[in-house]
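Chains B and P, in that order, give the protein sequences. The numbering used here numbers the first residue of the first sequence as 11 and each following residue consecutively. The numbering used here numbers the first residue of the second sequence as 7 and each following residue consecutively. For reference, the structure is listed below as structure tokens.
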Amino acid sequence: MTLFQALAYFFREALVNLLRGWKTSFVAVLTIAVSLLLGGAFLLASRNLLESVQRWRQEMRVVVYLRPATPDAVLARLAAEASRAPWVASAQAVSPQEARARFRDIFPGLSGLVEGWEEEPLPASIEVSLRDGRDGENRRAEVQAWIDGWRRRPEVEMVDDDREWLGQLETLVAIGRGIGLALSGVLLGAAIFTIGSVIRLTAFLHQEEISILRLVGATEFYIRGPFYTEGLLQGLIGGGLATGGLYLLYQAAAARSAESLVASVLTTGFLSPGQTAFLVLLGGGAGLLGAIASLRRERLNTAEG
Amino acid sequence: MIQFFQVSKRYPGVEQAALNEVSFDIPRGQFVFLTGASGAGKTTLLRLIFREEIPSEGQIVVNGRNVASIPRSKIPYLRRTIGVVFQDFRLIPRKTVFENVTYLPRILGQDLRSQKQLAFQALRRVGLAHRLNAFPPELSGGEQQRVAIARALINEPEILIADEPTGNLDPDLSWEILRLFLEVNLRGTTVLLATHDRDLIQRIGKRVLTLDKGRLASDVEIEGTAPPRLAVPSAEASDFVEPVP
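So this is what it looks like as structure tokens:
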């Protein structure tokens with residue numbers, strides 16, 4: 011028997027087994043689909059969130075707010091001083107008048123809040139863009155020390171550092187991804203166990219035929235092949251369903267991205283073809299593993315005399 | 007063809023050996039009865055031949071191969087040269103006669119046309135060529151046993167082993183089945199048939215190995231009182247030989 015003939019036989023028998031025991035197969039497929047859907051969702055969400063974080067990191071700024079009534083000359087001097095630091099890409103001085111104009115442009119409905127004051131309601135500030143948001147540990151410490159130095163200066167009211175909340179967000183994403191992957195790992199383990207149980211049940215139902223196959227001279231490869239293929243197919247179908255479900259969820263979220271910031275952040279892109287294939291193959295691999303594990307301990311019954 | 011050299015078989019936790027220092031030699035083409043009371047070791051001896059069991063001591067040579075030391079991966083190839091028939095037929099009820107008979111050709115990757123040809127030939131030898139598409143539950147006990155024999159014969163095995171093949175059949179059907187085995191033997195296949203039906207053995211008359219509590223109690227050739235008259239079938243195979251009334 012050629013390998014092609016054997017594979018054709020395996021798939022034929024596996025499909026027949028799947029159709030005959032569709033109820034138990036459905037449970038196994040569903041388990042693996044749910045676990046992969048969950049894993050895929052966490053993967054996709056964390057990937058998109060991290061992409062957003064990276065983008066924000068490139069736009070990251072440190073804003074130094076000066077005390078009220080700081081003269082323009084001091085503002086210009088401090089801005090020039092800030093721009094001389096090696097990690098600073100640019101340092102822009104923003105006068106109280108410019109700040110008020112910006113506020114009006116960004117929040118036209120709230121423009122009344124900044125009008126009619128005797129003094130300028132918004133402080134002067136220096137908007138500092140840092141050169142690289144992915145510095146090494148030493149450089150990060152230097153930048154932090156530099157920012158702390160600005161905080162201590164008498165002309166400075168406060169310093170707003172984007173890096174702080176971005177770092178916290180990255181940590182949160184990493185924790186969320188870890189929890190998600192751990193949870194989907196547990197579910198995948200359960201799916202492997204379920205598939206293994208289904209395969210063992212199928213093998214039990216076929217034990218009489220298996221004993222005959224063994225009696226007439228079938229090899230272990232020939233006997234076990236259909237069961238391995240059945241596990242593989244269950245896993246692939248589960249992986250396919252998970253990918254399809256994930257895509258539908260993604261589309262549903264993307265449709266709401268205009269009205270929801272969270273949806274817009276989470277739907278910057280779907281899984282790449284490679285990642286999609288990985289998810290489906292992971293399902294197939296889990297199914298195959300379940301089948302191998304379930305039959306490893308079985309002697310698949312032998313002819314009795 | 008089948009050689010046993012001081013073969014013993016013991017099962018864990020059982021004091022008495024299932025087989026105890028059994029030695030014999032069955033040459034190619036011989037018809038041999040294996041008899042003895044229940045529990046004498048007949049089934050164990052047969053299972054040792056097709057390597058369903060491993061001897062505790064001694065050597066077994068089948069078709070020139072030392073069965074005891076044959077690697078696990080080679081067992082299927084040994085079994086393809088041995089046809090085995092059981093008392094309970096071992097047919098799959100949900101599969102047709104054709105499917106039940108053609109397990110080995112399918113394993114060997116033969117195409118459907120060859121499978122049909124082989125199934126037809128094997129079933130014609132046992133007189134059931136017309137029941138190719140029937141399911142086992144639709145057949146009588148005798149017919150089911152004939153299907154099991156056809157399955158064992160489909161690849162023209164060198165050895166045919168039968169464990170109480172007539173145990174579930176009435177005397178007429180038993181005689182019918184026995185004639186089949188004799189016909190198979192006339193074609194050159196070595197036949198080893200286990201039965202406790204002494205009457206059947208007396209009527210046929212052949213070499214008889216008798217086991218008693220795991221020991222080979224006797225190895226004798228006996229004259230039959232009413233052996234069937236059989237014509238050597240042609241290579242193309244004749245239709246099933248009708249049972250003698």
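Glycine included, every Cβ here is placed at the ideal spot set by N, Cα and C. Nothing here was measured: the structure is a model prediction, and the numbers come from that model.
In this model, ASP169/P and ARG131/P are separated by some 20 Å (Cα to Cα). Unbroken beta strand (DSSP E) runs of no fewer than 3 residues, entirely contained in the segment 140-211 of chain B, are found at 166-171, following chain order.
Listed by position along chain P, the residues whose Cβ is nearer than 7 Å to that of GLN15/B are GLY115.
In summary, GLU69/B is exposed, with fewer than 16 beta-carbon neighbours lying within 10 Å of its beta-carbon over all protein chains present.
In the structure shown, the three-state DSSP call for ARG112/B is helix. For LYS212/P, there is no enclosing beta strand (DSSP E), since its DSSP letter is neither H nor E. Look at SER14/P here: in three-state DSSP terms it is strand. Taking C-beta atoms as the reference points, SER135/B and VAL74/B count as a pair closer than 8 Å. Residue contact with chain B for VAL90/P: present (Cβ-Cβ distance below 8 Å to some residue of chain B).
Inter-residue distance for ARG67/B and TYR238/B is about 48 Å (C-alpha atoms, whole angstroms). When DSSP states are grouped into helix, strand and coil, SER146/P belongs to the coil group.
Excluding sequence positions up to five before and after GLY241/B, its CB lies within less than 6 Å of the CB of ILE205, ILE209, GLY297, LEU298, GLY300 and ALA301, all in the same chain and listed in chain order. Judged by DSSP secondary structure, VAL132/P falls outside any beta strand (DSSP E); it is assigned neither H nor E. Taking C-beta atoms as the reference points, SER105/B and ASP82/B count as a pair closer than 8 Å.
Secondary structure in the segment 160-212 of chain P: the alpha helix (DSSP H) runs of 4 residues or longer, each lying completely within the stretch, are 177-192 and 204-210 in chain order. Secondary structure at GLU23/B: helix, using DSSP grouped into helix, strand and coil.
In summary, GLY284/B is exposed, with fewer than 16 beta-carbon neighbours lying within 10 Å of its beta-carbon over all protein chains present. Counting the other CB atoms within 10 Å of its CB gives GLU21/P a total below 16, which places it among the exposed residues. Taking 4 residues as the minimum length, the alpha helix (DSSP H) runs contained wholly in the segment 60-114 of chain P are 81-85, 103-107 and 109-113, in order along the chain. At a cut-off of 8 Å between C-beta atoms, LEU145/P does not count as an interface residue with respect to chain B. By the neighbour-count definition (other C-beta atoms within 10 Å, threshold 16), ASP158/B is an exposed residue.
Under the DSSP definition of a beta bridge, ALA103/B partners with ILE136/B. The Cβ of TYR232/B sits closer than 8 Å to at least one Cβ of chain P.
Proximity of VAL26/B to chain P, defined by a Cβ-Cβ separation below 8 Å, is not satisfied. Nearest neighbour of VAL290/B by Cα position, chosen from ALA268/B, SER304/B, TYR257/B and LEU276/B, turns out to be TYR257/B. For ARG34/P, not one C-beta of chain B is nearer than 8 Å to its own C-beta. At a C-beta separation below 7 Å, PRO82/P has these neighbours in chain B: GLY227, ALA228 and THR229. Between the segment 118-126 of chain P and the segment 142-153 of chain P, the count of C-beta pairs closer than 8 Å stays below three; the two stretches do not touch. The C-alpha of VAL68/P is placed about 10 Å away from the C-alpha of ALA74/P.
Counting C-beta pairs with one atom in each stretch, the segment 72-91 of chain P and the segment 180-196 of chain B have fewer than three that are closer than 8 Å, which means they do not touch. For VAL20/P, the secondary structure class from DSSP, reduced to helix, strand or coil, is coil. Closest by C-alpha distance to SER221/B, out of PRO18/P, ASN139/P and TYR109/P, is TYR109/P. The Cβ-Cβ distance between VAL98/B and ASP172/B does not fall below 8 Å. One finds nothing in chain P with a Cβ atom closer than 9 Å to the Cβ of ILE220/B; even the nearest lies about 11 Å away.
Counting only Cβ-Cβ distances below 8 Å, THR12/B has contacts in chain P at GLY115, in chain order.
For TYR109/P, the closest Cβ of chain B is nearer than 8 Å.
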